[in-house]
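Participant:
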Amino acid sequence: MGKTSVLLVGFLFSFLVATVQAGDKYKKYNDASLPINKRIRDLMRRMSLDEKIGQMVQIDRKVATPEVMRDYKIGSILSGGGSVPHLQATPQEWLNMVNGFQNGSLSTRLGIPMIYGIDAVHGHNNVYKATIFPHNIGLGATRDPELVKRIGSATAREVRATGINYVFAPCIAVCRDPRWGRCFESYSEDPDIVKEMTEIINGLQGEIPKDSRKGVPYVGGKDKVVACAKHFVGDGGTTRGINENNTVIDKHGLLSIHMPGYNAAIIKGVGTVMVSYSSWNGVKMHANHDLVTNFLKGALRFRGFVISDWQAIDRMTYPVHANYTYSVLTGVQAGLDMIMVPYNYTEFIDTLTGLVKNKFIPMSRIDDAVRRILRVKFQLGLFENPLSDESFIDQLGHQAHRDLAREAVRKSLVLLKNGENADEPMLPLPKKSSKILVAGSHADDLGNQCGGWTINWQGGSGNNLTSGTTILKGIAEAVDPSTEIVYEENPEFDYVKSNNFSYGIVVVGELPYAETNGDNLNLTIPLQGQYTLYNVCANIKCVVVLISGRPLVIMPHLEQVDALVAAWLPGTEGQGVADVLFGDYGFSGKLPRTWFKTAEQLPMNVGDLNYDPLYPFGYGLTTQPLNATISTLSIKETGAVQSSEMLKDLLRKNQQNSESEIDTGVDCRFSFRNCSLKIGQPKIILEGDDLGVIKIKETQEPWNWDWD
């Protein structure tokens, strides 16, 4: 070989090496200008089996370290209920922790960032000093999707304040039996209300562009988070309301009652769907290939990732973890993409690796799972901005969010009784009185007021969990300075009788619980609460404010009670209750579920044969603010009128020689958006005799899905 040939070969070799090195430095998956699908393909062709399986694993922060993230290529971390750096951790401490784990992920060969998930089910509820919003049952009573969207946006910003980018919310279960311990996580027994309340996804993730393909996840900015529709599907319909039990219902019932919320969530671009612990007609949902793969991913065209619930793989067998290989095989083949392990990650990785290498699980199933996970991460912008943005730190517990929560409390309150007749209402209460008695275990207890899933998984009683305003404090701020307020948690009968109180406010209800611990076949007010209610209401005029995650047996006490308010689980902003009790705002909430007479009637839902409730679905008395007048009523500005029923009430009371008529066309109790005059619509002014005729029509979306 001549000298020229040698030089030429050397040049070509050097050129090839340089080209390879340059190509290695330029990785398409890191190029934000490329379409996401191209980035996914480029990254996946570079990934080994262990790197792919690592992406499918979600572990709890208690077992996570930067070294674990690096060595096992873990794709995700979560904080389970109460899994926190410490009970009063600051946003900066949360952020530093998350970034530490992320740096471990970024130090891997391919530098794939992890995604961090947390249960933010009524605000950023695991975090000290976060704004705690009403639980979903209260939001369902508002009938206000736009409000719920704003709550989603505020929650996203508070979650981002701690460096977290993924929330296990919303719960879009349709609770059909209030004996279920998770009923407060459900917006309603009515699938239409649940479907409308998926508007919270637009708040959490951002408004999906109109030209988006159905099913493709969307996250619209650094102040947004990935949402999770849960728990797929039918978890609210289990027999006798037993948590994680069997839902016995035909296909039509499953599709028409429990599925509409999922279709709505997918249309809105929800990033993930969590599978339910429950079974459908005896088949565990985590093992249901027909529903998870064929229907959710197929018929509904969902392109995000499907995640298991906490240790749900282990709980597919009884005893738990009895046949782990079977559980992993069945769950992954059913269509689970990410597994919430959360502790025994090495066993899961080894088991899944063995199943793939021995061809029990095809590589195509692993690739499908990883492709979905990467799609969400790319859409979130994790590859461009893997570390947390410290500019959101001041958003945790921001006053604007607390004001929003207070508004939500006001709108969630349902007035069930107001005096013995309409001519002698008990509410609104006078702010100026000589002496008011406030009583009950829930009047001055922030923990009871917030319920489960608050700082701890189960929540807890007391005022040292987090920051907020109790109902008692809200009352004290609302009344005239000359009014004396006396608080006695459990006053004796004779004490109440002998103290010349102007009236009493009794605040009682359920103690905090979550999930199975909340399953309850009796649904009565705790005994001490019943004693307090009797001791007060048997002696003086009284308002009972019921704090609960569902309707409770109240009929035996109704004769003694002058006014009854369902306040659900209102969260940290107790002033919202006082705002309405004392007439600064009117009552507008409507029952999101049927209020039964006795627990023996259950399950009982609107539309059932022999429907005989104490208060029907959609019931709710109305009051107008003390400063409202019908002569010039601006619905947009005052918020005094939220439905045509309320409008009719106002007109009856205030028509001055007017012959005006309101024709709603439908019974407002059984409809939703189309029976509502919503804040934000063009201003409506009613003046004198010129009140006009308002007609509202009902529309019904046809339902004809199938997946055969």
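Taking mature numbering (1 follows the signal peptide of the UniProt record, and there is no 0), I'd label the letters of the sequence shown as residues -22 to -1, 1 to 686. All C-beta atoms in this analysis are idealised placements derived from N, C-alpha and C, irrespective of residue type, glycine included.
From the DSSP output, which residues share a beta bridge with Ser208?
Facilitator: It is worth fixing the name first, because residue 208 is Lys in this sequence and not Ser. Cys149, Met252.
Participant: Would you mind listing the beta strand (DSSP E) stretches within the region 165 to 239 that are 3+ residues and don't spill past its ends, in chain order?
Facilitator: Within the region 165 to 239, complete beta strand (DSSP E) segments of at least 3 residues are found at 206 to 210, given in chain order.
Participant: Can you look up Val38 in the DSSP assignment and give me helix, strand or coil?
Facilitator: In the sequence under discussion, the amino acid at residue 38 is Asp, which differs from the Val named in the question. Strand, per DSSP.
Participant: Round the Cβ separation of Asn495 and Gly59 to the nearest angstrom and send it over; I've been treating them as touching at under 8 Å.
Facilitator: Incorrect: roughly 12 Å between the Cβ atoms, too far for contact.
Participant: Once you ignore the five residues that flank Gly181 on each side, which residues in its own chain have a CB closer than 8 Å to its CB?
Facilitator: Val126, Lys127, Arg128, Ile129, Gly130, Ser131, Ala132, Thr133, Ala134
Participant: Which of helix, strand or coil does DSSP assign to Gly666?
Facilitator: No answer about Gly666 holds up, because its pLDDT of 31 lies below 50 and its placement is not dependable.
Participant: Using beta-carbon positions only, say whether Ala108 and Gly375 come within less than 9 Å of one another.
Facilitator: It is a contact, given that the beta carbons lie within the stated cut-off.
Participant: So Tyr512 is in the beta strand (DSSP E); what residue range does that whole segment cover?
Facilitator: Where Tyr512 is concerned, there is no enclosing beta strand (DSSP E), although the alpha helix (DSSP H) it sits in stretches over 505 to 515.
Participant: Looking at the secondary structure, which residues open and close the beta strand (DSSP E) in which Cys520 lies?
Facilitator: 520 to 525
Participant: Where does the unbroken beta strand (DSSP E) through Asn396 begin, and where does it stop?
Facilitator: Where Asn396 is concerned, the enclosing beta strand (DSSP E) stretches over 392 to 396.
Participant: Whole angstroms is fine: what's the gap from Tyr255's alpha carbon to Ile351's?
Facilitator: 21 Å
Participant: Check this for me: beta carbons of Gly561 and Leu405, under 9 Å apart or not?
Facilitator: Yes; because the gap between Cβ atoms is below 9 Å, this pair is in contact.
Participant: Just tell me which of Asp28, Ala42, Lys3 has its CA closest to the CA of Met341.
Facilitator: Asp28
Participant: Who pairs with Asn588 in a beta bridge, going by DSSP?
Facilitator: In the DSSP output, where bridge partners are listed per residue, Asn588 has none listed.
Participant: What are the boundary residues of the beta strand (DSSP E) that includes Val284?
Facilitator: 283 to 285
Participant: Quick one: is Asp372 buried, meaning 16 or more other Cβ sit within 10 Å of its Cβ, or exposed?
Facilitator: exposed
Participant: On a CA-only basis, which of Gly585, Cys149, Lys568 is nearest Met252? Give me that one, please.
Facilitator: Cys149
Participant: Cα-Cα, which of Trp431, Gly425, Ala456 is closest to Asn442?
Facilitator: Gly425
Participant: Is it the case that the region 231 to 247 contacts the region 172 to 189, given that we only count it when at least three CB pairs across the two stretches are under 8 Å?
Facilitator: yes
Participant: Nearest to Phe111 by alpha carbon, out of Val99, Val105, Gly527?
Facilitator: Val99
Participant: Just tell me which of Ile344, Tyr296, His209, Gly193 has its CA closest to the CA of Gly276.
Facilitator: Gly193
Participant: Would you list the residues sitting across from Tyr481 in a DSSP beta bridge?
Facilitator: Answer by DSSP bridge pairing, in chain order: Ile414.
Participant: Between which two residues does the alpha helix (DSSP H) containing Glu466 stretch?
Facilitator: In this chain, Glu466 is not harboured by any alpha helix (DSSP H); it is covered by the beta strand (DSSP E) spanning 462 to 466.
Participant: Pick from Gly101, Ser480, Asn104, Phe79: whose alpha carbon is nearest that of Tyr94?
Facilitator: Phe79
Participant: Assign Ser305 to one of two classes, buried (16 or more other C-beta atoms within 10 Å of its C-beta) or exposed (fewer than that).
Facilitator: Around the Cβ of Ser305, a 10 Å sphere holds 16 or more other Cβ atoms; the residue is buried.
Participant: Helix, strand or coil for Thr133, going by three-state DSSP, please let me know.
Facilitator: DSSP, reduced to helix, strand and coil, places Thr133 within a helical segment of the structure shown.
Participant: Measuring only the C-alpha atoms, how far is residue 712 from Gly549?
Facilitator: Within the shown structure, residues of the chain are numbered from -22 to 686, placing residue 712 beyond reach of any answer.
Participant: Could you round the C-beta distance between Asp287 and His236 to whole angstroms and report it? I think they count as a contact, below 8 Å.
Facilitator: Not confirmed; about 16 Å, so no contact.
Participant: Which two residues bound the contiguous beta strand (DSSP E) that contains Gly95?
Facilitator: 93 to 96
Participant: DSSP on Met294, reduced to helix/strand/coil?
Facilitator: helix
Participant: Is it buried or exposed, Phe280, if we count other Cβ atoms within 10 angstroms and call 16 or more buried?
Facilitator: Looking at its Cβ environment, which holds 16 or more other Cβ atoms inside 10 Å, Phe280 is buried.
Participant: Under three-state DSSP, which class holds Tyr323?
Facilitator: It is helical.
Participant: If we count the other Cβ atoms within 10 Å of its Cβ and call it buried at 16 or more, is Leu330 buried or exposed?
Facilitator: buried
Participant: Which same chain residues, not among the five before or five after Glu45, have their C-beta less than 8 Å away from its C-beta?
Facilitator: Gly82
Participant: Go ahead and pull the three-state DSSP assignment for Gly53.
Facilitator: coil
Participant: What does the Cβ neighbour count give for Asp627, buried or exposed, with the cut at 16 atoms within 10 Å?
Facilitator: Note that Asp627 scores 47 on pLDDT, short of 50, meaning its location in the model is unreliable; the coordinates nonetheless yield the value given after this. Under this definition Asp627 is a buried residue.
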